[in-house]
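Colleague:
Numbering (my numbering), first residue to last: 2 to 157.
(1) If you draw a straight line from the C-alpha of residue 143 to the C-alpha of residue 72, how long is it?
(2) Please classify residue 67 as buried or exposed, where buried requires at least 16 other C-beta atoms within 10 Å of its C-beta.
(3) On the premise that residue 61 lies in contact with residue 35, defined as a C-beta separation below 8 Å, what is that separation, rounded to the nearest angstrom?
(4) With a cut-off of 8 Å on the beta carbons, I'd call residue 65 and residue 29 a contact; round off their distance for me.
(5) Put residue 86 into one of helix, strand or coil per three-state DSSP.
(6) Tell me where the alpha helix (DSSP H) around residue 19 begins and ends.
(7) In the segment 59 to 143, which residue ranges form an unbroken alpha helix (DSSP H) of at least 4 residues, counting only runs that do not cross its ends?
(8) Is it true that the CB of residue 78 sits closer than 8 Å to the CB of residue 125?
(9) When you compare the segment 81 to 94 with the segment 39 to 56, are there three or more beta-carbon pairs, one atom per stretch, that lie closer than 8 Å?
(10) At the level of alpha carbons, what is the spacing between residue 27 and residue 81?
(11) Based on DSSP bridge pairs, tell me the residues matched to residue 1.
(12) Would you kindly work out how many angstroms separate the C-alpha atoms of residue 104 and residue 150, rounded to a whole number?
(13) Considering Cα atoms alone, identify which of 118, 39, 107 is closest to residue 131.
(14) For residue 11, which residues of its own chain have a beta-carbon under 8 Å away from its beta-carbon, when the five flanking residues on both sides are left out?
(15) Looking at the structure shown, is residue 146 part of a helix, part of a strand, or coil, going by DSSP?
(16) For the beta strand (DSSP E) that contains residue 30, what are its first and last residues?
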């Protein structure tokens with residue numbers, strides 16, 4: 002179960018995700034260390050995307066899962082060394098904005114967490130590690146990238 006923040010109602014994760022999608026509210030995951038460990042299959046990243054998650058902010062990532070997230074168009078972001086959700090006082094009831102990464106090339110971005118208590122800003126590392134990963138992400142994942150490549154070839 003999870004908390005659907007606007008109403009403070011507890012509900013199934015899927016139901017909350019569908020409600021957020023109906024409202025066009027993109028989601029992020031805030032995670033600890035080795036996010037994705039034990040789930041190197043691409044379905045774990047596909048499920049994340051299908052729930053409406055656009056970014057994951059973690060202390061660290063399991064290598065294959067991080068790559069699979071990129072392949073699905075989900076942005077992997079990493080807390081800077083020694084930082085975590087706890088050190089930033091995050092509760093999960095905040096609204097978030099990720100700025101400074103609009104062009105897809107920055108190595109770091111700024112997360113703005115807004116709550117009733119005010120605003121917190123912190124830097125995160127953008128975990129797109131190669132030029133090809135940045136290209137996949139800019140296209141929304143591997144499948145949209147490949148489809149655009151095919152469409153471009155057919156048009157030529």
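Glycine residues also receive a C-beta, built at the ideal position from the N, C-alpha and C atoms. It should be emphasised that the depicted structure is a prediction, and the values quoted were computed from it without experimental measurement.
Modeller: Reading from the atomic positions:
(1) Rounded to the nearest angstrom, the two C-alpha atoms are 5 Å apart.
(2) buried
(3) 6 Å
(4) Not quite, the Cβ-Cβ distance comes to about 21 Å (not below 8 Å), so this is no contact.
(5) Of the three classes helix, strand and coil, the one that applies to residue 86 here is coil, per DSSP.
(6) 14 to 23
(7) 64 to 73, 132 to 140
(8) yes
(9) no
(10) In this structure, the alpha-carbon of residue 27 lies about 23 Å from that of residue 81.
(11) Shown here, the chain extends from 2 to 157; a query on residue 1 therefore has no answer.
(12) 20 Å
(13) 107
(14) Hits under 8 Å: 2, 3, 4, 5.
(15) Residue state, collapsed to three classes: helix.
(16) That run of the beta strand (DSSP E) goes 28 to 31.
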